[in-house]
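Residue numbers (our numbering): 2 to 197.
Backbone N, C-alpha and C fix where the C-beta goes; we use that ideal spot for every residue, glycine too.
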(Lines of atoms letter the chains of each structure in order from A and count residues from 1; the text may use other names and numbers.)
(Lines give C-alpha, C1' and ligand atoms only; values in the text may rest on other atoms or scores of the structure.)
Protein backbone atom coordinates (compact mmCIF):
# COMPACT_ATOMS: atom_id res chain seq x y z
CA UNK A 1 0.00 0.00 0.00
CA UNK A 2 2.83 2.38 0.82
CA UNK A 3 4.57 1.57 -2.48
CA UNK A 4 1.32 2.14 -4.38
CA UNK A 5 0.97 5.50 -2.63
CA UNK A 6 4.52 6.57 -3.52
CA UNK A 7 4.13 5.54 -7.17
CA UNK A 8 0.74 7.28 -7.31
CA UNK A 9 2.23 10.43 -5.79
CA UNK A 10 5.00 10.50 -8.42
CA UNK A 11 2.42 9.94 -11.19
CA UNK A 12 0.22 12.69 -9.77
CA UNK A 13 3.17 15.11 -9.66
CA UNK A 14 4.07 14.31 -13.26
CA UNK A 15 0.48 14.81 -14.46
CA UNK A 16 0.13 18.02 -12.47
CA UNK A 17 3.23 19.63 -13.99
CA UNK A 18 3.08 18.24 -17.52
CA UNK A 19 -0.66 18.14 -18.19
CA UNK A 20 -1.25 21.62 -19.63
CA UNK A 21 1.66 21.41 -22.07
CA UNK A 22 0.69 17.90 -23.16
CA UNK A 23 -2.96 18.86 -23.63
CA UNK A 24 -2.11 21.93 -25.70
CA UNK A 25 0.35 19.94 -27.80
CA UNK A 26 -2.20 17.16 -28.47
CA UNK A 27 -5.02 19.54 -29.42
CA UNK A 28 -2.71 21.59 -31.66
CA UNK A 29 -1.43 18.45 -33.39
CA UNK A 30 -5.00 17.23 -33.93
CA UNK A 31 -5.94 20.63 -35.36
CA UNK A 32 -2.99 20.59 -37.75
CA UNK A 33 -3.86 17.06 -38.83
CA UNK A 34 -7.48 18.10 -39.42
CA UNK A 35 -6.42 21.05 -41.61
CA UNK A 36 -4.04 18.85 -43.59
CA UNK A 37 -6.74 16.25 -44.19
CA UNK A 38 -9.27 18.93 -45.15
CA UNK A 39 -6.80 20.33 -47.64
CA UNK A 40 -6.00 17.01 -49.26
CA UNK A 41 -9.46 15.39 -49.21
CA UNK A 42 -11.84 18.34 -49.48
CA UNK A 43 -9.64 21.06 -50.99
CA UNK A 44 -10.36 23.57 -48.18
CA UNK A 45 -8.69 24.58 -44.93
CA UNK A 46 -11.77 25.69 -42.94
CA UNK A 47 -15.33 24.44 -42.66
CA UNK A 48 -16.61 27.81 -43.95
CA UNK A 49 -14.89 27.25 -47.29
CA UNK A 50 -16.50 23.82 -47.81
CA UNK A 51 -18.72 23.79 -50.89
CA UNK A 52 -19.43 20.20 -51.87
CA UNK A 53 -21.49 20.94 -54.97
CA UNK A 54 -18.91 23.18 -56.64
CA UNK A 55 -16.76 20.50 -58.40
CA UNK A 56 -19.57 19.28 -60.67
CA UNK A 57 -22.74 20.50 -62.37
CA UNK A 58 -25.89 18.81 -63.63
CA UNK A 59 -24.21 18.30 -67.01
CA UNK A 60 -21.51 16.16 -65.35
CA UNK A 61 -24.01 13.56 -64.10
CA UNK A 62 -23.82 10.51 -66.35
CA UNK A 63 -26.52 8.26 -64.86
CA UNK A 64 -29.91 9.54 -63.76
CA UNK A 65 -30.68 6.43 -61.69
CA UNK A 66 -27.55 6.84 -59.59
CA UNK A 67 -28.30 10.54 -59.18
CA UNK A 68 -31.83 9.67 -57.99
CA UNK A 69 -30.50 7.08 -55.51
CA UNK A 70 -27.93 9.59 -54.21
CA UNK A 71 -30.72 12.15 -53.87
CA UNK A 72 -32.75 9.74 -51.76
CA UNK A 73 -29.74 8.86 -49.63
CA UNK A 74 -29.07 12.57 -49.30
CA UNK A 75 -32.14 12.67 -47.08
CA UNK A 76 -30.03 10.77 -44.53
CA UNK A 77 -27.34 13.41 -44.73
CA UNK A 78 -29.25 15.85 -42.54
CA UNK A 79 -28.76 13.33 -39.71
CA UNK A 80 -25.01 13.42 -40.34
CA UNK A 81 -25.03 17.23 -40.43
CA UNK A 82 -26.84 17.49 -37.11
CA UNK A 83 -24.58 14.78 -35.68
CA UNK A 84 -21.43 16.62 -36.77
CA UNK A 85 -22.56 19.87 -35.16
CA UNK A 86 -23.52 18.07 -31.96
CA UNK A 87 -20.26 16.10 -31.81
CA UNK A 88 -18.06 19.15 -32.40
CA UNK A 89 -19.93 21.19 -29.77
CA UNK A 90 -19.79 18.34 -27.26
CA UNK A 91 -16.11 17.86 -28.08
CA UNK A 92 -15.30 21.48 -27.28
CA UNK A 93 -17.14 21.35 -23.98
CA UNK A 94 -15.68 18.01 -22.98
CA UNK A 95 -12.13 19.15 -23.77
CA UNK A 96 -12.57 22.09 -21.42
CA UNK A 97 -14.01 19.94 -18.65
CA UNK A 98 -11.44 17.18 -19.07
CA UNK A 99 -8.52 19.62 -19.23
CA UNK A 100 -9.67 21.18 -15.97
CA UNK A 101 -10.47 17.97 -14.12
CA UNK A 102 -7.71 15.59 -15.24
CA UNK A 103 -5.20 16.92 -12.66
CA UNK A 104 -7.93 16.45 -10.05
CA UNK A 105 -8.64 12.91 -11.22
CA UNK A 106 -4.87 12.27 -11.18
CA UNK A 107 -5.07 12.62 -7.42
CA UNK A 108 -6.89 9.29 -7.51
CA UNK A 109 -3.65 7.62 -8.65
CA UNK A 110 -2.52 7.59 -5.03
CA UNK A 111 -5.12 4.97 -4.02
CA UNK A 112 -6.25 1.81 -5.81
CA UNK A 113 -9.96 2.66 -5.99
CA UNK A 114 -9.24 6.08 -7.57
CA UNK A 115 -6.91 4.94 -10.35
CA UNK A 116 -9.65 4.31 -12.96
CA UNK A 117 -10.76 7.97 -12.72
CA UNK A 118 -7.55 9.26 -14.25
CA UNK A 119 -7.25 6.60 -16.95
CA UNK A 120 -10.84 7.06 -18.12
CA UNK A 121 -10.45 10.83 -18.26
CA UNK A 122 -7.17 10.41 -20.17
CA UNK A 123 -8.88 8.10 -22.70
CA UNK A 124 -11.77 10.51 -23.19
CA UNK A 125 -9.37 13.45 -23.57
CA UNK A 126 -7.48 11.64 -26.35
CA UNK A 127 -10.74 10.62 -28.01
CA UNK A 128 -12.09 14.18 -27.87
CA UNK A 129 -8.86 15.72 -29.13
CA UNK A 130 -8.55 13.36 -32.11
CA UNK A 131 -12.23 13.37 -33.09
CA UNK A 132 -11.97 16.11 -35.77
CA UNK A 133 -9.24 14.38 -37.81
CA UNK A 134 -11.21 11.14 -37.85
CA UNK A 135 -14.44 12.94 -38.79
CA UNK A 136 -12.69 14.83 -41.59
CA UNK A 137 -11.12 11.59 -42.82
CA UNK A 138 -14.47 9.76 -42.96
CA UNK A 139 -16.26 12.76 -44.48
CA UNK A 140 -13.54 13.32 -47.07
CA UNK A 141 -13.43 9.71 -48.19
CA UNK A 142 -17.23 9.56 -48.33
CA UNK A 143 -17.35 12.75 -50.42
CA UNK A 144 -14.67 11.45 -52.79
CA UNK A 145 -16.57 8.17 -53.25
CA UNK A 146 -19.96 9.77 -53.91
CA UNK A 147 -18.52 12.49 -56.15
CA UNK A 148 -16.69 9.88 -58.23
CA UNK A 149 -19.86 7.83 -58.60
CA UNK A 150 -21.92 10.86 -59.58
CA UNK A 151 -19.59 11.94 -62.37
CA UNK A 152 -19.39 8.43 -63.86
CA UNK A 153 -16.30 6.78 -62.39
CA UNK A 154 -18.20 3.46 -62.33
CA UNK A 155 -20.12 2.19 -65.37
CA UNK A 156 -22.03 -0.73 -63.79
CA UNK A 157 -25.34 0.47 -62.31
CA UNK A 158 -25.46 -1.94 -59.36
CA UNK A 159 -21.83 -1.28 -58.44
CA UNK A 160 -22.51 2.45 -58.63
CA UNK A 161 -25.49 2.20 -56.30
CA UNK A 162 -23.58 -0.02 -53.86
CA UNK A 163 -20.57 2.27 -53.82
CA UNK A 164 -22.75 5.36 -53.40
CA UNK A 165 -24.47 3.70 -50.46
CA UNK A 166 -21.08 2.97 -48.87
CA UNK A 167 -20.02 6.62 -49.30
CA UNK A 168 -23.18 8.00 -47.69
CA UNK A 169 -23.06 5.50 -44.82
CA UNK A 170 -19.39 6.37 -44.23
CA UNK A 171 -20.30 10.04 -43.91
CA UNK A 172 -23.14 9.21 -41.51
CA UNK A 173 -21.03 6.90 -39.34
CA UNK A 174 -18.35 9.54 -38.88
CA UNK A 175 -20.57 11.03 -36.19
CA UNK A 176 -19.74 8.04 -33.97
CA UNK A 177 -15.99 8.66 -34.14
CA UNK A 178 -15.60 9.69 -30.45
CA UNK A 179 -16.93 6.31 -29.31
CA UNK A 180 -14.70 4.49 -31.78
CA UNK A 181 -11.68 6.46 -30.60
CA UNK A 182 -12.51 5.76 -26.96
CA UNK A 183 -12.50 2.05 -27.74
CA UNK A 184 -9.33 2.43 -29.80
CA UNK A 185 -7.48 4.07 -26.91
CA UNK A 186 -8.26 1.22 -24.51
CA UNK A 187 -4.53 0.42 -24.37
CA UNK A 188 -4.00 3.67 -22.42
CA UNK A 189 -6.02 2.32 -19.47
CA UNK A 190 -4.04 -0.30 -17.52
CA UNK A 191 -7.35 -1.50 -16.02
CA UNK A 192 -8.62 -2.63 -19.44
CA UNK A 193 -7.74 -5.95 -21.09
CA UNK A 194 -5.60 -4.39 -23.82
CA UNK A 195 -3.98 -1.98 -21.38
CA UNK A 196 -2.97 -4.81 -19.07
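Legend entry - Separation of residue 113 from residue 47, as counted between CA atoms: Residue 47 and residue 113 have their alpha carbons spaced roughly 44 Å apart.
Inset, instruction - Locate the alpha helix (DSSP H) running through residue 179, then write down its first and last residues. - result: From DSSP, the alpha helix (DSSP H) with residue 179 extends over 178-185.
Inset, instruction - Please state if the CB of residue 190 and the CB of residue 120 are separated by a distance shorter than 8 Å. - result: Judged by their CB atoms, residue 120 and residue 190 are nearer to each other than the 8 Å cut-off.
Inset, instruction - Using three-state DSSP, classify residue 45 as helix, strand or coil. - result: Annotated three-state conformation of residue 45 is coil, per DSSP.
Legend entry - 7 Å CB neighbourhood of residue 140 in its chain, flanking five on each side removed: Apart from sequence neighbours up to five positions away, the residues of its chain that approach residue 140 with a beta-carbon distance below 7 Å are 172 and 175, ordered along the chain.
Legend entry - CB contact flag (residue 136, residue 88, <8 Å): Yes, these two residues count as a Cβ contact at 8 Å.
Inset, instruction - Measure the alpha-carbon distance for residue 94 versus residue 132 and round it to whole angstroms. - result: Rounded to the nearest whole angstrom, the CA to CA distance from residue 94 to residue 132 is 13 Å.
Inset, instruction - Measure how close the beta-carbons of residue 187 and residue 195 come, nearest whole angstrom, since I'm counting them as under 8 Å. - result: The pair is a contact, with the Cβ atoms about 5 Å apart (cut-off 8 Å).
Inset, instruction - Mark residue 15 as exposed unless 16 or more other C-beta atoms lie within 10 angstroms of its C-beta, in which case mark it buried. - result: Residue 15 should be labelled exposed.
Legend entry - Pair within 8 Å by beta-carbon distance, residue 169 and residue 147: Cβ atoms of residue 169 and residue 147: closer than 8 Å.
Inset, instruction - Would you check if the distance between the CB atom of residue 43 and the CB atom of residue 34 is smaller than 8 Å? - result: At least 8 Å separates the beta-carbon of residue 43 from that of residue 34.
Inset, instruction - Express the C-alpha separation of residue 49 and residue 7 in angstroms, rounding to a whole number. - result: Those two C-alpha atoms are separated by around 50 Å.
Inset, instruction - Please look up how many angstroms separate the CB atoms of residue 1 and residue 20, rounded, as I've assumed it's under 8 Å. - result: Here the chain has residues from 2 to 197 only, and residue 1 is not among them.
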